[in-house]
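Asker: Numbering (our numbering), first residue to last: 17 to 182.
The following block contains the structure, expressed as C-alpha cells.
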Amino acid sequence: MSSNVCHQIIYLAIELSSSSWVIAYRVPRNDKAKLHRLEAGDGAGLLAFIAGLHNRLDPPDDASTLVVSCFEAGRDGFWLHRLLTAHGVINHVVEPTSILVTRGARRAKTDRLDAVGLLRVLAAKFAGDPGACRTVVVPSVEEEDAKRPRREREFLVQERVRIFAV
17 MSSNVCHQII YLAIELSSSS WVIAYRVPRN DKAKLHRLEA GDGAGLLAFI AGLHNRLDPP
77 DDASTLVVSC FEAGRDGFWL HRLLTAHGVI NHVVEPTSIL VTRGARRAKT DRLDAVGLLR
137 VLAAKFAGDP GACRTVVVPS VEEEDAKRPR REREFLVQER VRIFAV
C-alpha cells in the first residue's frame, strides 16, 4: 500500500563555530532564508528551536512535516548528528571541501553567509542533485572514540610546534 502524503519540509543549515551556532532555515510556503543564533553546543536549545518552528506551521506540528538539516564535518564530531537523528531530523554531515564555490569572484566569509550557502546546498541535495555536495559516513560512537587519542596527539604536536616556533 503506497501513500501519497505531501510532506512539508523545514530546512536547517547549521554553521558551527566555537562561540555560537548560526542556523539558516526555511519553512514551508516561504522560500526566504531566515537566521537564528544559538550559543555553541546548545543541543537542547536547537531542539527547542525546531519544536518552535513546528508549532508555527499550519497545521501546527503536522506529522507529515519533515525536518532536514545539515552541518559541515569538523571539530565538533558527530554528537550533534546523533542528537538530531534521535529526534526524527533527517541530518546530513557535509564534507566541507565538496561545496562548490565561485573561484573567480572574491567571496566574503561570514558565518551568516556560510549558513545561507549551506542551506542552498542542502535544498539542492535533498531535491536530488547528487553534485550539490558530498556527505560523510558517520562513524559509530566506538569508532569515533577510537580516533580520539590520535587526534588529540596531533593537536598537541601542532601546539608544541606553534609554541616553540616563536
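Where a beta carbon is used, it is the ideal one built from N, C-alpha and C, also for glycine.
Quick caveat, the model's predicted, so the values are computed rather than measured.
Whole angstroms is fine: what's the gap from Q24's alpha carbon to F180's?
Answerer: Locating residue 24 in the sequence shown gives position 8, where the first residue counts as 1. Locating residue 180 in the sequence shown gives position 164, where the first residue counts as 1. Near 55 Å, if we compare the C-alpha coordinates of F180 and Q24.
Asker: What is the DSSP secondary structure of F65, reduced to helix, strand or coil?
Answerer: Within the sequence shown, the letter at position 49 stands for residue 65. Helix, per DSSP.
Asker: I'd like the span of the alpha helix (DSSP H) that includes V137, first residue to last.
Answerer: Taking the first residue of the sequence shown as 1, we reach residue 137 at position 121. Note, V137: alpha helix (DSSP H), 127-142.
Asker: Please report how far the alpha carbon of L96 lies from the alpha carbon of S114, in whole angstroms.
Answerer: Here residue 96 corresponds to residue number 80 of the sequence shown, with the count starting at 1. Here residue 114 corresponds to residue number 98 of the sequence shown, with the count starting at 1. So the two alpha carbons sit approximately 20 Å from each other.
Asker: Measure how close the beta-carbons of E175 and C149 come, nearest whole angstrom, since I'm counting them as under 8 Å.
Answerer: Position 159 of the sequence shown, counting from 1, holds the residue named residue 175. Position 133 of the sequence shown, counting from 1, holds the residue named residue 149. In fact, because the Cβ distance is near 31 Å, the residues do not count as touching under 8 Å.
Asker: Measuring straight from C-alpha to C-alpha, what distance separates I39 and V152?
Answerer: On the sequence shown, residue 39 is found 23 positions in, with the first residue counted as 1. On the sequence shown, residue 152 is found 136 positions in, with the first residue counted as 1. Roughly 20 Å separates the two Cα atoms.
Asker: Count the other CB atoms within 10 Å of the CB of N46; is the residue buried (16 or more) or exposed (fewer)?
Answerer: Locating residue 46 in the sequence shown gives position 30, where the first residue counts as 1. By the 10 Å Cβ count, N46 comes out exposed.
Asker: Run the CB neighbour count on E170, radius 10 Å, all protein chains shown included, and call it buried at 16 or more, exposed below.
Answerer: If you number the sequence shown from 1, residue 170 lands on position 154. The residue in question, E170, is exposed, as its Cβ has fewer than 16 Cβ neighbours within 10 Å.
Asker: Since H97 is in the alpha helix (DSSP H), which residue starts that stretch and which ends it?
Answerer: For the purposes of this step, residue 97 is taken as the residue at position 81 of the sequence shown. 95-102 is the span of the alpha helix (DSSP H), which, as asked, contains H97.
Asker: Please determine, among S34, S80, C86, the residue with the shortest C-alpha to C-alpha distance to V132.
Answerer: Counting from one through the sequence shown, the residue named residue 132 turns up at place 116. Closest by alpha carbon: C86.
Asker: Once you ignore the five residues that flank V109 on each side, which residues in its own chain have a CB closer than 8 Å to its CB?
Answerer: Locating residue 109 in the sequence shown gives position 93, where the first residue counts as 1. For V109, where only same-chain residues beyond five positions count, the Cβ hits under 8 Å are C86, F87, E88, A89, F94, H97, T151, V152, V154.
Asker: Quick check: V43 and I26, are their CB atoms within less than 8 Å of each other?
Answerer: As a first step, residue 43 is located in the sequence shown; it is residue number 27 there, counting from the start. As a first step, residue 26 is located in the sequence shown; it is residue number 10 there, counting from the start. Contact: yes.
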